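For reference, the structure is listed below as C-alpha cells.
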Amino acid sequence: MLKVGIIGVGTVGSSVVKILQNSKDLITSKVNQEIVPVLGVVKNLSKKRDIDITLSDNIDDILNNDDIDIVVELMGGVEDAYEVVKRALLKGKYVVTANKALLAYHRYDLESISNKHLGYEASVAGGIPIVKALKEGLSANNISSIKGIMNGTSNFMLTKMIKEGFKYDEILKIAQDLGYAEADPTFDVGGHDAAHKILILASIAYNIDAKPEEILIEGIENITKDEIKFAKEFGYEIKLLGICKKIGSEIDIRVHPVFISCDDMISKVNGVMNAITVKGDMVEESMYYGPGAGGDATASAVVADIIDIARGHNDSLLGYTDNKSTYTLMSSDDIHTEYYVRIHVADEIGVLNQITKIFASKNISISTFLQNSDEKTATLLFSTHKAKEKNIKSALVEIEKLSFVKEKPSMMRIEK
C-alpha cells in the first residue's frame, strides 16, 4: 500500500482525493497495490469540504509522518512551496506537484536533490500530457520549436473579442464572472502563467535554466479593434503563445500575443482550451490539445504521476543525466521575426513618408499597409518583413517623438 498526503486540499486537491477513492479498483489493477489518500493539510479547518479524508492545518503532520510515501504539493506560491518540497525530498519521500511557479524558479535546485522522486505533469497545461510526451515519446528527437496556447483565460478572452466583437474590458468582466479570471487577472492576461509553463518545457527540450525575469513576457491588455481588423484583413488569428525555438546555439524563449496564420493548426484552438505544438527532426510537427486547467483535468495529471511512482517509473526531473546545457538564452533584442505596428497620427500630408523613412533607416522593410481615417486623425497599420527586435523598438522610439504622432505606437509580432 502507498499512502498519500496532500498539502492544499482546494479544488484540485479535493479532486485528487476523489479520483484515488472513486477509481480505487481501476488504479489498483494498474499498479497491483492500493494507493490511499490518508491526510490532507488545509489553512482553514472550519471550512466544509465534500471529501472523506482526515484533515490537519499543520504541514509537519505530513512531512514528519514516516508512513506517508507520497507528498502532493498543491499549496501554490514559490518560496514556501520550495521549502516544503525540498524537505519532503530530503526525507526520501516522493513528491508530485502542479506548481508551475515553483518549477519556473527552482526546477534546477530541485533536480539536484530530487533523486528521481519528483513528478510535475500537472504543472503544464493541466490534462495534456505534454511533459511525458517531451521526456519520453519525443526523447529521440532534436526539438526545433515549441509553441503553445497555455492559458485558457487569455484564449477565451481573445476568442470572444475576435469572434463576437467584445472589447477587452467587457470580456474580462465576463471571464471574471464565469470564474475563468481572478479578481486580479494580471497573472493570466499578462502572460506570466504561460511564461512559467514555457520555461519548464524549454528545460525539458534544451536543458536550459532560464528564469521568468530573463525572457520577454507581454500580455493581451493592449489588443484593440485595430489589431482584430488587421487580422481579419490579412488572414490571421490572434493568440497568446508561449514560444521556444532553437536558433543555432541559442534558445529563443518568449511569451506574447501574436498574429498567426489561419491555416496554422494552433490558430483553430478557441475558448478555454490549450494546445501545444512541437517540431522535432524525426516527427516534424505534432499537436497536443485538451483542457489546460480545472480541478478534474489537473487532478488527472497529478494522479497519473502518482501511478507512475507506484509503477516504479522514476526518471530524472528534466530527463538529462546532468544539468549542463550546451545552449545559451537568446536576448530579446535579437529576436528576428515579422512585425505588426499601429501608429495613431494626425491626418496630414507627408506623415507616411516620414514614418517609412525612419523604418528604412533601421533596415525595416514594409510588407503590408492599412489605413483607417476619420476627419482629423488616421490609424496606420503596418506589417514588416523580418527584422530585428532592437531595430523595431528603436524605430518606434523615434516615431513616437514626431509631432503628428498622437499616442505611443503599438507593436505585435507575426509568428510563421
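Per the UniProt record's numbering, the sequence shown starts with residue 1, numbered consecutively.
Yeah, the Cβ is synthetic: ideal placement off N, Cα and C, and Gly gets one too.
Owing to the predicted nature of the structure, the values given are computational and were not obtained by experimental measurement.
Item                                                                                                                                                                                : Value
I need the boundaries of the alpha helix (DSSP H) containing Asn207, first residue and last residue.                                                                                : Taken as a continuous stretch (DSSP letters only), Asn207 belongs to no alpha helix (DSSP H), as it is neither H nor E.
Helix, strand or coil: how does DSSP classify Thr337 here?                                                                                                                          : strand
Could you give the residue range of the alpha helix (DSSP H) that holds Arg107?                                                                                                     : 100 to 114
Kindly list the residues whose CB is nearer than 6 Å to the CB of Ala194, restricted to its own chain and excluding five residues on each side of it in sequence; keep chain order. : Met150, Asn151, Gly242, Val255
Nearest CA to the CA of Lys416: which residue from Tyr108, Asp60, Ser145, Lys18?                                                                                                    : Ser145
So, is the C-beta of Val131 closer than 8 Å to a C-beta in chain E?                                                                                                                 : Protein chains in the displayed structure number just one, and chain E is not present.
Measure how close the beta-carbons of Ile306 and Ile6 come, nearest whole angstrom, since I'm counting them as under 8 Å.                                                           : Not quite, the Cβ-Cβ distance comes to about 10 Å (not below 8 Å), so this is no contact.
Smallest Cα separation from Val258: which of Leu20, Asn391, Asn155?                                                                                                                 : Asn155
Which residue marks the beginning of the alpha helix (DSSP H) containing Ile51, and which one marks its end?                                                                        : Looking at the DSSP string, Ile51 is not in any alpha helix (DSSP H), and its letter there is neither H nor E.
Just confirm the distance between the C-beta atoms of Glu111 and Ser316, as a whole number of angstroms; I'd bet it's less than 8 Å.                                                : 7 Å
Are the CB atoms of Val31 and Met1 within a distance shorter than 8 Å?                                                                                                              : no
Any contact between the region 262 to 280 and the region 210 to 217? By contact I mean 3 or more CB pairs, one from each, below 8 Å.                                                : no
Can you look up Leu396 in the DSSP assignment and give me helix, strand or coil?                                                                                                    : helix
Excluding the 5 residues flanking Lys376 on each side, which residues of the same chain have their C-beta closer than 7 Å to its C-beta?                                            : Ala346, Asp347
Enumerate in chain order the residues of its own chain whose CB-to-CB distance from Arg311 is below 7 Å, with the five nearest sequence positions on each side excluded.            : Val31
Could you say if the region 178 to 194 and the region 225 to 237 meet the contact criterion of at least three C-beta pairs nearer than 8 Å?                                         : no
So the alpha helix (DSSP H) residue 434 belongs to, where does it begin and stop?                                                                                                   : Residue 434 falls outside the range modelled here, since the chain spans only 1 to 416, and no answer is possible.
Expressed to the nearest angstrom, what Euclidean distance is found between the alpha-carbon atoms of Lys47 and Gly292?                                                             : 27 Å
Among the residues of its own chain, which have a CB less than 8 Å from the CB of Leu74, if the five just before and after it don't count?                                          : Ile6, Ile7, Gly8, Val9, Gly10, Val12, Gly13, Val16, Thr97, Ala98, Asn99, Val302
Determine the direct distance from the alpha carbon of Thr368 to that of Ala140, and round the result to whole angstroms.                                                           : 41 Å
Lys376 by DSSP, collapsed to three states: which one?                                                                                                                               : coil
Under the assumption that Leu89 contacts Ile68 (Cβ atoms under 8 Å), give the Cβ distance between them as a whole number of angstroms.                                              : In fact, because the Cβ distance is near 13 Å, the residues do not count as touching under 8 Å.
Buried or exposed: where does Asn274 fall if 16 or more other Cβ atoms within 10 Å of its Cβ makes it buried?                                                                       : buried
Counting Cβ pairs, one atom from each stretch, are 3 or more of them under 8 Å apart for the region 195 to 212 and the region 167 to 183?                                           : no
Quick one: give me the first and last residue of the beta strand (DSSP E) that Tyr288 is part of.                                                                                   : 284 to 291
Ends of the beta strand (DSSP E) at Gly127?                                                                                                                                         : Here Gly127 belongs to no beta strand (DSSP E), and DSSP marks it neither H nor E.
Per DSSP, what are the beta-bridge partners of Phe259 in this structure?                                                                                                            : Ile238, Ile414
Do you know offhand how far Thr384's Cα is from Met330's?                                                                                                                           : 22 Å
What's the C-alpha gap between Asp308 and Ile223?                                                                                                                                   : 42 Å
Thinking C-beta only, is Asp57 closer than 8 Å to Val41?                                                                                                                            : yes
Could you spell out the range, first to last residue, of the beta strand (DSSP E) harbouring Ser145?                                                                                : 143 to 149
Identify which residue in Gly77, Ile53, Val272 has its Cα closest to the Cα of Lys160.                                                                                              : Val272
Can you tell me where the beta strand (DSSP E) with Glu7 in it begins and where it stops?                                                                                           : Reading the sequence as shown, one finds Ile at residue 7 and not Glu. Residues 2 to 7.
For the region 391 to 411 and the region 356 to 363, state whether three or more C-beta atom pairs, one from each stretch, are separated by less than 8 Å.                          : yes
Output the distance between the C-alpha atoms of Ile238 and Asn270, rounded to the nearest integer angstrom.                                                                        : 11 Å
Which class does Lys388 belong to by DSSP, given the choice of helix, strand or coil?                                                                                               : strand
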